[in-house]
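When you line the sequence shown up against mature numbering (1 follows the signal peptide of the UniProt record, and there is no 0), it's residues -24 to -1, 1 to 465, in that order.
Shown next, in structure tokens, is the structure this report addresses.
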Amino acid sequence: MAFSPQLFVPVLVLLSAVLRSSTAGRPVPTFEYRNPVTGETLTCDQCPPGTRMSAYCTATTPTQCAPCRTDHFTELWNYLPRCLYCNNFCSDHQEVETECSPRNNRVCRCKEGFYWASDFCVRHSGCEPGRGVQTKGTSQTNTVCEPCSDGYFSNSSSAVEKCEKHQECAIGQIVLLPGTVYQDTVCGTCEDLAIGGEAFRTFLSKFFSMHRMRVAKMKKFVTRYINSKMSEEVSEVPKELLESVRDALGRKVKLSLRKRVKLEIKGDKTENRVLALVISPSLPLLDSTHSTKVEHSLNYLEIQGIACNKPTQLLIEYERGSFSLKLLSTEEVNEVVAHIGNCLLRICPGLPPNKVMKKLCMEPPDRLTSLQTLWENNKPAEPGPCGGFSQMYRCVCDWLGLPYREEVQWDVDTIYLTQDTRELNLQDFSHLENRDLVAIIAVLEFNQWFTKLSNKDYKLSADVCEQILRVVSIQSTGRVGSRTQDSRQ
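Put into structure tokens, the structure is as follows:
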């Protein structure tokens, strides 16, 4: 489509007038132009940034300017016949700081974690263990590190983390290993080391790293002092029986505790069994005589109550029934209950075990007090995204025998977390089957991050509605703490 000259010229004149008025108060730069036809030398105004000259001035008309087209610019006052091309393109590890416009070329900067050096974006240096970040790197400067001072440590190579202060041991704990510039103080009790578990593994890891043992010497130490001691501790369960237990549960299952127990049946009769507690959502009870058979298998979330009314008795109640066990000592009973509580803490980090279960009673009461103190000290510092929803969801799926859907974890950990949305909307999961919704809703029985459950124009099955009513009922009774439930259909 062609423009009419009669219409186009007034537009350019108007543009020039507007630009001139915008610079009122300071002189407009000029240039000299000799008219090739008349031979007259004229003083013409230059065009402002963002425009170019489209026609020289005459004795009767000012310089005519036109805006720069897309991907072109002029940064200064000029009398160029063409705008300059935006020729600055961001390369590897760069991002656009200022996009190309009529008044400027594209400006690039180094991405987060990189800085400009010798015409390249170079990754920020990480401060090695024993040193922390004094000044974080910018897009123009590298990281500045400093040695950790007394009472502080850094155990990783990082470009962002400062030296951290050594932890102070809680009341009732002692310093198992003093902190250095490379590692934190290790706190605990002698009992923690005696029963093994996470505290024992942490102690060994820090012990070996502190003493910088050669591999050969480390293997000798483990073989002579640790393996032999642990073999003595578990000798109550014969090796052949342990192998049968592993065959029954699966070789990849990690056994945390295994105890020979007596299962109470009718009257005063008992039968020998093996109680195998694993680091997973389930708690199997095996027949010690025919150990290839799993007689009972409980998910930790399935446990509704624990009662220890006698020193060596352990009564476990669940939805489908209960069973009573006799162990060799009070310490073994306490150890089993402590393990169950620690597993529940990992699954539901925001709730103490006595809130997850309906009932937890031990005689005398100081046994329970000691365990509650232990659980309080062992509770995770960070529950995970959205109050640890994904960990709970995985365990609930195992409990209910439903498939684990990774897209549920992604939706919650990504969308709900970034938007800080505390209302779980079932329509967000309408692409799933109704049975998958049962597991999602069941998590709300334990999760404290979400405060509301909503649904609109989405038909729910009877199983889903029943699960909603169950969660609302449990919340109203205060079994796992109070919270508002808003279930709308």
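All residues carry an ideal CB built from backbone N, CA and C; glycine is no exception.
All values derive from a computational prediction rather than experimental measurement.
Pull up the CB-CB distance for residue i and residue j, whole angstroms please, since I reckon it's below 8 Å.
i	j	result
L301	L344	Not really, about 18 Å apart at Cβ, beyond 8 Å.
E75	C84	Going by Cβ atoms, the distance from E75 to C84 rounds to 10 Å, so no, they are not a contact pair.
Y91	T114	6 Å
L393	P359	With a Cβ gap of about 12 Å, L393 and P359 do not count as contacting.
M368	V419	5 Å
C124	C145	Not a contact, Cβ separation roughly 20 Å.
V157	F129	5 Å
T6	D21	6 Å
Residue i: buried (16+ other C-beta within 10 angstroms of its C-beta) or exposed?
i	result
V120	exposed
V13	exposed
P340	exposed
S(-9)	With a pLDDT of 45 at S(-9), under the threshold of 50, the modelled position of this residue cannot be trusted; read the value that follows with caution. Flag for S(-9) reads buried.
D412	buried
Y276	buried
I241	exposed
A35	exposed
H407	exposed
Q443	buried
S449	exposed
residue 466	Given a span of -24 to 465 for the chain in the structure shown, any question on residue 466 remains unanswerable.
K235	buried
I150	exposed
R10	exposed
T50	buried
A314	buried
G248	Note that residue 248 is Asn in the sequence shown, not Gly. Classification of N248: exposed, given that the 10 Å Cβ count is below 16.
C23	buried
P3	exposed
N63	exposed
C44	buried
F365	buried
L304	exposed
C33	buried
Just to confirm the assignment, what range does the beta strand (DSSP E) spanning residue i have?
i	result
V136	Neither: V136 is in no beta strand (DSSP E) and is coded neither H nor E.
S305	Where S305 is concerned, there is no enclosing beta strand (DSSP E), given that its DSSP letter is neither H nor E.
E293	Q289 to Y294
N401	E399 to N401
F7	T6 to R10
P43	Q40 to P43
R85	V83 to C86
T427	Looking at the DSSP string, T427 is not in any beta strand (DSSP E), and its letter there is neither H nor E.
E71	Q70 to T74
T19	T17 to D21
P123	V120 to P123
V109	R107 to T111
I391	Careful: I391 lies outside any beta strand (DSSP E) and carries neither H nor E.
G155	Per DSSP, G155 belongs to no beta strand (DSSP E) and is neither H nor E.
A283	I279 to C284
If you run the structure through DSSP and keep just helix, strand and coil, what is residue i?
i	result
F422	coil
R99	strand
E167	helix
Y91	strand
R28	strand
S130	coil
S335	It should be noted that the sequence gives Lys, not Ser, for residue 335. K335: strand per DSSP, three-state reduction.
E240	strand
C441	helix
R2	coil
G326	coil
L52	coil
V250	strand
E140	strand
A314	helix
S449	helix
F405	helix
V162	strand
N64	coil
N80	strand
Along the chain, where does the alpha helix (DSSP H) that runs through residue i open and close?
i	result
K435	Element bounds for K435: n/a, residue is neither H nor E.
R343	P341 to N354
G363	P361 to L376
V384	E382 to W386
Whether or not the segment 54 to 70 and the segment 17 to 29 are in contact is what I'm after, with contact meaning three or more pairs of Cβ atoms, one per stretch, closer than 8 Å; do they touch? yes
Quick check: the segment 100 to 109 against the segment 123 to 143, are there 3 or more CB pairs under 8 Å? yes
Does the segment 280 to 287 come close enough to the segment 361 to 375 that 3 or more CB-CB pairs lie under 8 Å? no
Below 8 Å, can you find three or more Cβ-Cβ pairs linking the segment 384 to 392 to the segment 428 to 445? no
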